[in-house]
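Letter 12 of the sequence shown, counting from 1, is numbered 37 in the numbering used here, and no numbers are missing. Here a beta-carbon is modelled for each residue, glycine too, at the ideal position from N, C-alpha and C. For reference, the structure discussed in these notes is given below.
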Amino acid sequence: MPRKPANLAGQRFGRLEVLRRAENDKHGHAQWLCRCDCGGETTLLTNSLTSGKTRSCRCLLSETTGNRRRTHGQSNKTRTYRIWKGMISRCRNPNATSYKWYGAIGIGVCERWNSYENFLTDMGEAPEGMSLERDRPAEAYSKANCRWATALEQSRNTKANRKITAFGKTLCAPEWAEITGIPAPTIYDRLNRGWTGEKAVSPSIRRSKTG
């Protein structure tokens, strides 16, 4: 009978922290889901970790082969990296102040952007005075839905400031969602289609073919 592998969850190996046990590989060998200090995630065999063969999600290889643009020594000091970390936090950390406007209402981050390196490749460094903006507020953060925008452009699309007046009350979409049971993304979608506030938050109204 095969010996049960030691539990590596919570342990660190180089830049990697073991999150949990993953599915065995095709040969039945134990694998572990790990998160790198850069934010990337990877699945590795027990021996790859305990032998010291693998100490990062391949970002160390980038550093040692001359790709200085994405090194860990600099990335966590840049404004672009802080923007990426903030995006991940508000979508996935229930303790984050802005989580209620994002993760709590179903706004996520595409799988590719689990890695800061992929985010940087897709978006480039944040231009001075600009921040990350989604073109379609009800959809996830991804290359297809994001761009760098000025503060003025951001303010026109900030959900936390987007108040909806209906039936004598003025509330933000997540608050209306709690009252009516209509998902906040649905409310945003209705508003984007030109619906009035009262129509957008009315549970009895179904979307017509013409919108």
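Report, in whole angstroms, the separation of the C-beta atoms of residue i and residue j, which I expect to be a contact under 8 Å.
i: P199; j: A209; result: 5 Å
i: L157; j: I108; result: 5 Å
i: L69; j: C59; result: 6 Å
i: S81; j: G39; result: 6 Å
Would you say residue i and residue j are within 8 Å of each other, going by their C-beta atoms?
i: T71; j: L33; result: yes
i: R115; j: G128; result: yes
i: A202; j: L216; result: no
i: A165; j: C135; result: yes
i: I207; j: P228; result: yes
i: L145; j: T195; result: no
i: C171; j: M155; result: no
What residue does the beta strand (DSSP E) around residue i start on, and which one ends it?
i: K188; result: K188 to A191
i: R60; result: Q56 to C61
i: C116; result: Element bounds for C116: not the beta strand (DSSP E) but the alpha helix (DSSP H), R104 to R117.
i: A47; result: L41 to A47
i: S156; result: M155 to R159
If we count the other Cβ atoms within 10 Å of its Cβ and call it buried at 16 or more, is residue i buried or exposed?
i: L41; result: buried
i: T67; result: buried
i: G53; result: exposed
i: A163; result: buried
i: T221; result: exposed
i: R218; result: exposed
i: E223; result: exposed
i: T122; result: exposed
If you follow the alpha helix (DSSP H) that residue i is in, where does it begin and where does it stop?
i: W201; result: A198 to T205
i: L216; result: A209 to N217
i: T146; result: Y141 to M148
i: G222; result: G222 to A225
Run through the DSSP bridge pairs and tell me what residue i is partnered with.
i: K194; result: A191
i: L70; result: Q56
i: T175; result: M155
i: R37; result: E42
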